[in-house]
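Beneath this line is the structure, given in structure tokens, with notes to follow.
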Amino acid sequence: MSSSAGGTTILDRDLLLKGLEDQPWFEKNIPLLEIPDKHIQEVYYYRWQTYKEHLVYTGAKYGYMASEFLNRVSYGAPYGGIVAAAGHHITEGRWIRDTRYGQDIAKYWLAGPGQFPKPMRDDVNKDTSDWAHEYSFWAATALWKQYLVTGDKDFIVGQLANLVKQYRGWDTHYSSSLGLYWQVPVWDATEYTAASYESGDPYHGGVGFRPTINSYQYGDAIAIAKIAALCGDSELEHEYRSRAESLRTALQKHLWDSESNFYKHRARDDNPSGSLLGTREIMGYLPWMFSMPCDDSQLAAFSQLTDPQGFLSNFGPTTAERRSKWFMYEAENCCRWDGPSWPFATSQTLTAVENVLHDYPAQNYIAPEDYYEMLHRYARTQYRNGEPYVAEAHHPDGDRWMYDGYNHSEDYNHSTFVDNVLAGLVGLRAQSGESIVVNPLTPSNWDYFAVENIAYHGHSITVLWDRTGSVYDRGEGLRVYLDGQLVGSRRTIGLIKVEVGPSLPTHVSSQINIASNGQRDPQLPIAFASYTCPADDPMRAINGMIFRRGIPQNSRWTSYNSPNPKDHLGVDLHKDKAIDNVRLSFYDDAGGVRIPNTYDLQYWVGDAWVPIPGQVRSPMPTSSNTETKIAFPSILTSRLRVEAPNAGSGVGWGLSEFEIWTSSE
Numbered sequence: 001m002s003s004s005a006g007g008t009t010i011l012d013r014d015l016l017l018k019g020l021e022d023q024p025w026f027e028k029n030i031p032l033l034e035i036p037d038k039h040i041q042e043v044y045y046y047r048w049q050t051y052k053e054h055l056v057y058t059g060a061k062y063g064y065m066a067s068e069f070l071n072r073v074s075y076g077a078p079y080g081g082i083v084a085a086a087g088h089h090i091t092e093g094r095w096i097r098d099t100r101y102g103q104d105i106a107k108y109w110l111a112g113p114g115q116f117p118k119p120m121r122d123d124v125n126k127d128t129s130d131w132a133h134e135y136s137f138w139a140a141t142a143l144w145k146q147y148l149v150t151g152d153k154d155f156i157v158g159q160l161a162n163l164v165k166q167y168r169g170w171d172t173h174y175s176s177s178l179g180l181y182w183q184v185p186v187w188d189a190t191e192y193t194a195a196s197y198e199s200g201d202p203y204h205g206g207v208g209f210r211p212t213i214n215s216y217q218y219g220d221a222i223a224i225a226k227i228a229a230l231c232g233d234s235e236l237e238h239e240y241r242s243r244a245e246s247l248r249t250a251l252q253k254h255l256w257d258s259e260s261n262f263y264k265h266r267a268r269d270d271n272p273s274g275s276l277l278g279t280r281e282i283m284g285y286l287p288w289m290f291s292m293p294c295d296d297s298q299l300a301a302f303s304q305l306t307d308p309q310g311f312l313s314n315f316g317p318t319t320a321e322r323r324s325k326w327f328m329y330e331a332e333n334c335c336r337w338d339g340p341s342w343p344f345a346t347s348q349t350l351t352a353v354e355n356v357l358h359d360y361p362a363q364n365y366i367a368p369e370d371y372y373e374m375l376h377r378y379a380r381t382q383y384r385n386g387e388p389y390v391a392e393a394h395h396p397d398g399d400r401w402m403y404d405g406y407n408h409s410e411d412y413n414h415s416t417f418v419d420n421v422l423a424g425l426v427g428l429r430a431q432s433g434e435s436i437v438v439n440p441l442t443p444s445n446w447d448y449f450a451v452e453n454i455a456y457h458g459h460s461i462t463v464l465w466d467r468t469g470s471v472y473d474r475g476e477g478l479r480v481y482l483d484g485q486l487v488g489s490r491r492t493i494g495l496i497k498v499e500v501g502p503s504l505p506t507h508v509s510s511q512i513n514i515a516s517n518g519q520r521d522p523q524l525p526i527a528f529a530s531y532t533c534p535a536d537d538p539m540r541a542i543n544g545m546i547f548r549r550g551i552p553q554n555s556r557w558t559s560y561n562s563p564n565p566k567d568h569l570g571v572d573l574h575k576d577k578a579i580d581n582v583r584l585s586f587y588d589d590a591g592g593v594r595i596p597n598t599y600d601l602q603y604w605v606g607d608a609w610v611p612i613p614g615q616v617r618s619p620m621p622t623s624s625n626t627e628t629k630i631a632f633p634s635i636l637t638s639r640l641r642v643e644a645p646n647a648g649s650g651v652g653w654g655l656s657e658f659e660i661w662t663s664s665e
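Be aware that the sequence shown starts at 1, since it is given in UniProt numbering, and climbs by one per residue.
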């Protein structure tokens, strides 16, 4: 992807990106961050590593999607997608410079496998019929937030009809008498809640009118209205603004508990009085994630985030208030939402607080200092054994992950963090027009921070804070750069709005990887090898997934313990294809599998393997999973292979992925 004019070169990118696998990818794609809080900074880069790890190339037809678990689970959509956290995935990925990933993820759910029919069974939601509605999903809001960063009007307008279809897919869950949507907690991705326990069916029970889906539908109605306005469809804009306003009114009337100052769950069945759940749950903050409430007195709800009997905890916030009789009930058993700290909810709550602090009138219930402490606790939560780590849910008080299944929960992709750092802490408030607002929520005692070369509307934005001017040698105060040029400054931390001009078009590659076969379809390419370690599999090297080393999940082929002096891994395409571009991701575990000191890329000429002529190679990688590119004049062949020597004494070599990129099938 090509993008903006040159940015700045202020930060030490090699130092900041040290330890990340495939460092060149991060150099090209992510904003660099330097802040005094080393927990937040370290987790920021870790979460980028894990986000990349979850980018699954599904194949030529559908491109990339973002996975939730590294290994596929039985209740997922084709290729392993789970829609529960898709809103998080799109929002987090909006800061990647190459917009293909985010666009592909959106299309996977709205115009691809997400639209495939699914069984209407208890294990995959008996009340919905396609994969994009298995769980609640704030689709239009996520795409609108993506657009605010990318500025790609054509793409989001092109998704408008799909977003309307996705919105109307929840009509089956709408109550015309209340003007609200109902949902089962488990299909909000929040099983074993106080509401479901009170229903008598802790896992599949608790159907009710909830702040979750109604906030999502409100946010999506507003987003659809804004997209309609972009393309001049005033009728559709008016329809969805009316839908949003009706939802706002109904939420306030039926789900606001004026006694406890909180939005709560209302049981749908066996509830003639319309009573609300007695327990405050963390989902009560979701309306502010979408800037839904307009009664500023309701901001008193945020006092519960700093209340020791509310949601406050060492590794929190909790998912149910401590006052509740259900707090941590049976919580040692997975997967309870009655107290444990879930990053899914923590990141949503942080987004709600960001909106309150940036967009609502000043109040005395939650302050920037509280926000920073929440974000810092969230970062500290994401460690295990002293190293950055995220799983499913953490104990609210003890330093341990509660729901952390071996070879299952590692590097769990179920939340945002990067987006909270950039949009919240640094205060990058993306706009739909030709401007950007910077309004940091950073601590007042910080002497410096920087975020460099943010991809924004096809430009590069850099934000620096240097109290004395001695850290970055660019002057004192807060400074904003556009494509390398200073465009805004002030002496103190505060709001700066700068004009960036029209969005610049960005090129989204249309190339496809014709080697990929994550579904193990026998009609698609097949991998083969001269020897394979019994723990590995040649087909894993063409499954579209590259996992970092240090985790038990295995997405690789290796020649570990091979008796041969050299081994090969190849791809059989079944028929001749024109090929001129191969990319290899060599795996290195610093032990029994090492990057080879040389390799030979060969093709089949009908009766023999011969080296591909005219190869232009990127340098041999020095770290695991760094993409190695090989370009050459086009050849016509049905098979390719890589051959490399083994180091001896059982030490072999390996590949996480063997890719063949072409312009078309």
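Just so it is clear, CB atoms sit at the ideal spot from N, CA and C, and this is done for glycine as well.
{"Query": "Using only alpha-carbon positions, find the residue among Ser530, Ile551, Asn554 that is nearest to His568.", "Result": "Ser530"}
{"Query": "With distances taken Cα to Cα, identify the nearest neighbour of Leu425 among Asn413, Ala450, Met289.", "Result": "Ala450"}
{"Query": "Tell me whether the beta-carbon of Ala644 lies closer than 8 Å to the beta-carbon of Lys566.", "Result": "yes"}
{"Query": "Using the Cα positions of Ala161 and Gln615, report the straight-line distance between them to the nearest angstrom.", "Result": "45 Å"}
{"Query": "Does the region 486 to 500 come close enough to the region 434 to 451 that 3 or more CB-CB pairs lie under 8 Å?", "Result": "yes"}
{"Query": "What residue range does the alpha helix (DSSP H) around Gly87 cover?", "Result": "86 to 93"}
{"Query": "Would you call the region 602 to 620 in contact with the region 634 to 643, where contact means no fewer than 3 C-beta pairs closer than 8 Å?", "Result": "yes"}
{"Query": "I believe Leu286 touches Pro211 by the beta-carbon criterion, under 8 Å. Please report the beta-carbon distance rounded to the nearest angstrom.", "Result": "5 Å"}
{"Query": "Rounded to the nearest angstrom, what separates Pro308 and Thr492 at their Cα positions?", "Result": "33 Å"}
{"Query": "Using the three-state DSSP reduction, which class does Ile526 fall into: helix, strand or coil?", "Result": "strand"}
{"Query": "Take residue 707 as the anchor and find which of Glu392, Met620, Pro368 has the nearest alpha-carbon.", "Result": "Outside the displayed range of the chain (1 to 665) lies residue 707, so it cannot be described from this structure."}
{"Query": "Out of curiosity, what's the CA-to-CA distance linking Asp397 and Thr381?", "Result": "10 Å"}
{"Query": "Compute the distance between the beta-carbons of Val418 and Arg47, then report whether it is under 8 Å.", "Result": "yes"}
{"Query": "Give the secondary structure of Arg490 by DSSP, where H, G and I count as helix, E and B as strand, and everything else as coil.", "Result": "strand"}
{"Query": "Only counting the same chain, and skipping five residues up and downstream in sequence, which positions put a Cβ closer than 6 Å to that of Ala221?", "Result": "Tyr240, Arg243, Ala244"}
{"Query": "With 16 as the cutoff for other CB atoms within 10 Å, does Ser649 come out buried or exposed?", "Result": "exposed"}
{"Query": "Can you tell me whether residue 722 is buried or exposed, with buried defined as 16 or more other CB within 10 angstroms of its CB?", "Result": "In the structure displayed, the chain extends from 1 to 665; residue 722 sits before or after that span and is not available."}
{"Query": "Can you list, in chain order, the residues of its chain with a C-beta nearer than 8 Å to that of Gly274? Leave out the 5 residues immediately preceding and following it.", "Result": "His254, Arg266"}
{"Query": "Report, in whole angstroms, the separation of the C-beta atoms of Gly484 and Gly6, which I expect to be a contact under 8 Å.", "Result": "5 Å"}
{"Query": "Contact defined as beta carbons within less than 8 Å: I believe Val421 pairs with Thr50. What is the distance between those atoms, to the nearest angstrom?", "Result": "Not a contact, Cβ separation roughly 14 Å."}
{"Query": "For Leu16, which three-state DSSP category applies?", "Result": "helix"}
{"Query": "Between the Cα of Ile282 and the Cα atoms of Met328, Trp653, Asp338, which residue gives the shortest distance?", "Result": "Asp338"}
{"Query": "Nearest by alpha-carbon distance to Asp588: which of Thr462, Trp609, Phe547, Lys577 is it?", "Result": "Phe547"}
{"Query": "Looking at the C-beta of Asp122, does it have a partner C-beta in chain B at a distance below 8 Å?", "Result": "No chain B is present in this structure, which holds just one protein chain."}
{"Query": "How big is the Cα-Cα spacing for Pro36 and Met289?", "Result": "27 Å"}
{"Query": "Whole angstroms are fine: how far does the CA of Phe327 sit from the CA of Thr319?", "Result": "9 Å"}
{"Query": "Nearest-angstrom Cα distance between Gly427 and Ser291?", "Result": "16 Å"}
{"Query": "State the start and end residues of the unbroken alpha helix (DSSP H) segment that holds Trp144.", "Result": "139 to 150"}
{"Query": "Taking the runs of the beta strand (DSSP E) that are 3 residues or longer, which of them lie wholly in the region 10 to 85?", "Result": "32 to 34, 55 to 59, 63 to 66"}
{"Query": "Would you report the Cα separation of Val471 and Lys38, rounded to the nearest angstrom?", "Result": "17 Å"}
{"Query": "So is Lys325 buried or exposed if we call it buried at 16+ other beta carbons inside 10 Å?", "Result": "exposed"}
{"Query": "Assuming Pro502 contacts Tyr406 (C-beta within less than 8 Å), just tell me the rounded distance between them.", "Result": "Not confirmed; about 51 Å, so no contact."}
{"Query": "In the structure shown, what three-state DSSP assignment does Leu655 receive?", "Result": "strand"}
{"Query": "Span of the beta strand (DSSP E) holding Leu180?", "Result": "180 to 183"}
{"Query": "May I have the straight-line CA-CA distance separating Lys18 from Ser234, to the nearest angstrom?", "Result": "50 Å"}
{"Query": "List the whole-angstrom C-beta distance separating Leu312 from Thr306, where the pair is believed to meet the contact cut-off of C-beta under 8 Å.", "Result": "6 Å"}
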